[in-house]
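A.B. asks: My structure is below; once you've seen it, I'll send some questions.
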Amino acid sequence: MAKGTKPGSKPEAQEAAAEAPPKKSKMKLIVIVIALVLLLAVGAVAALLLLKPAHSPEANNAEEHGQAEKVETPTGPPKFVDLGTFTTNLAPEEGDRFVQVVISLKISRPELEEQINASKPEILHRVNMMLQSKLPSELATVEGKARLADQIKVQIQHILGLRKTAPAIGSTETDTAPADPKTKGGLDEVLFTSFLMQ
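With the working numbering applied, the sequence shown corresponds to residues -15 to 182, in that order.
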């Protein structure tokens, strides 16, 4: 009999019996760990897909063309800045005609109000020149008035430094100069609170 073995037992049989249970329990543990990792990975992918915000087709189209603007949500209600009443002759078309317009600006960044007031002489000049360049037929329709509001907005954004360049005052294009992506927006709309044409 060999030393260190019990009487009546075979050393090879004892070694095989001792090794068999640990292999089975290690294999089960590895399978369980792999199953848990896979389950967590599937859960993480599902959570990402469900929590990802959906983009509208317009937003996707704008991103593709590099026109996506980062819009900062206003911290409070919008503010309105009155520019005053403008009375001016229109460009001659069928005799002399004039327009009287009261304009307010809708802003979402309150700090722009001080900047607008500081630049008011230049803003008033550009608006007057813009109105004087218009034909009565251009302002007779709602679309024409909306186009004028957009053109005035572009001019004011340029004065406030929200655009690098602005179209010429007599230009019929509304948005030839894209907004400067480094600056925040803030001038939301040009509003005509009164519009009389005679």
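Think of the CB as a built atom: it goes at the ideal place given N, C-alpha and C, for glycine as much as any other residue.
Let's test the definition: count the other Cβ atoms within 10 Å of the Cβ of Val174 and tell me whether it reaches 16, buried, or not, exposed.
C.D. replies: As a first step, residue 174 is located in the sequence shown; it is residue number 190 there, counting from the start. Classification of Val174: buried, given that the 10 Å Cβ count is 16 or more.
A.B. asks: Roughly how many angstroms separate the alpha carbons of Ile87 and Leu115, rounded to a whole number?
C.D. replies: The residue given as residue 87 occupies position 103 in the sequence shown. The residue given as residue 115 occupies position 131 in the sequence shown. Whole-angstrom Cα-Cα distance: 12 Å.
A.B. asks: With a cut-off of 8 Å, do at least 3 Cβ pairs link the region 88 to 102 to the region 61 to 69?
C.D. replies: Output reads yes: the region 61 to 69 touches the region 88 to 102.
A.B. asks: In whole angstroms, what separates the C-alpha of Glu122 from that of Met113?
C.D. replies: Along the sequence shown, one-based indexing puts residue 122 at 138. Along the sequence shown, one-based indexing puts residue 113 at 129. Whole-angstrom Cα-Cα distance: 15 Å.
A.B. asks: Does the distance from the CB of Ile143 to the CB of Glu98 come in under 7 Å?
C.D. replies: Mapped onto the sequence shown, residue 143 falls at position 159. Mapped onto the sequence shown, residue 98 falls at position 114. Not closer than 7 Å, so no.
A.B. asks: Leaving out five residues before and five after Asp172 in sequence, what residues of the same chain have Cβ atoms less than 6 Å from its Cβ?
C.D. replies: Within the sequence shown, residue 172 is the residue found at index 188, counting from 1. Hits under 6 Å: Lys90 and Ser92.
A.B. asks: Per DSSP, what are the beta-bridge partners of Thr72 in this structure?
C.D. replies: One-based indexing of the sequence shown puts residue 72 at position 88. Answer is Val83, bridged to Thr72.
A.B. asks: What did DSSP end up calling Arg110 once you bin it into helix, strand or coil?
C.D. replies: In the sequence shown, residue 110 corresponds to position 126, counting from 1. Residue state, collapsed to three classes: helix.
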